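What follows is one structure encoded as C-alpha cells, with my remarks underneath.
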Amino acid sequence: MKHRPKKKEATVSRFQRPFLSDVQELRDRARQHMDRGAVTQGYRADRETVIRILNQALATEIVCVLRYKRHYFMAAGIHAQAVAQEFLEHANEEQGHADQIAERITQLSGEPDFSPDGLASRSHSEYVEGTSLVDMIREDLVAERVAIESYSEIIRFLGNDDPTSRRLMEGILAVEEQHADDLKRLLETLSV
Ligand SMILES: [Fe+2]
Ligand SMILES: [Fe+2]
79 MKHRPKKKEA
89 TVSRFQRPFL
99 SDVQELRDRA
109 RQHMDRGAVT
119 QGYRADRETV
129 IRILNQALAT
139 EIVCVLRYKR
149 HYFMAAGIHA
159 QAVAQEFLEH
169 ANEEQGHADQ
179 IAERITQLSG
189 EPDFSPDGLA
199 SRSHSEYVEG
209 TSLVDMIRED
219 LVAERVAIES
229 YSEIIRFLGN
239 DDPTSRRLME
249 GILAVEEQHA
259 DDLKRLLETL
269 SV
C-alpha cells in the first residue's frame, strides 16, 4: 500500500490551523492596557525603535520643508516662477508628510520631536541653501535621493511587524520618488 505523501499532510494541517487567536482571548486582551490605544499585545515591532526611526523621518521632512521654502523665496526673487512653484508644491507636500508621521508617532503613544535643537542631525537629508537656481534644484534632488534610500530602509525594517507605519512610509516614498523625477526633469530643461 502506498504511503500518503507527507507534503499533503502538511497542507491539511495548515488549513486546519485557526486563522486568528481564540476570539474570547482576543476580547480579553483588548480590555487590558487600554491606555495604549492602538498599540495592542499583537503589535510585533519594537515600539521604541519605531518611534525613534519615525522621529528621524519627521526631522527629515521638516528640514525638507525649510530647504524648499528657502528655495521658493529665493527662486521667486530671481523671476524663475515655474521653478519657484515647483519648490512651493514640494514644500507643502513635505509638510503634509511631517504631519502624517507626527500623527503616527502619537498613535504609537510616542511624542513627535519638533525641537529645533539637533534637528539637522536627526534629519537624514541636509539643509543646503544653494547659490544658483541649478544649485538649488541639484541640492533638492540629492535630498530626495537620500530620503528615498532611508525610507526604503525603514520600510524593509518595518516589514510585517508594523504594517500601518510601513504603508504610511510606502505612500510617502512614492511621493519622494515623484519629487526626484520632477527635479531631474527641471535640471534637464535648464541645462538645454
Ligand atoms: Fe516628504
Ligand atoms: Fe520630497
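The opening residue of the sequence shown carries number 79 in my numbering; numbering runs sequentially from there.
By construction, the Cβ of each residue, glycine as well, lies at the ideal position given by its N, Cα and C atoms.
Since we're looking at a predicted model, the values are computed, not measured.
Excluding the 5 residues flanking it on each side, T184 has same chain C-beta neighbours closer than 7 Å at P190, in chain order.
The beta carbon of I226 lies closer than 8 Å to those of L251, E254, E255, A258 in the same chain, with the five residues before and after it left out. Contact between the region 136 to 149 and the region 190 to 204 is present, with at least three C-beta pairs closer than 8 Å.
Within the region 142 to 208, the complete alpha helix (DSSP H) runs of at least 4 residues fall at 159 to 185, 197 to 200. Closer than 7 Å to some heavy atom of ligand 1: that describes the Cβ of I250. For H168, the shortest separation between its Cβ and any heavy atom of ligand 2 lies below 7 Å.
Only residues of its own chain outside the window of five on either side were considered, and among them D239 have a CB closer than 6 Å to the CB of R122, listed in chain order.
For Y229, the secondary structure class from DSSP, reduced to helix, strand or coil, is helix.
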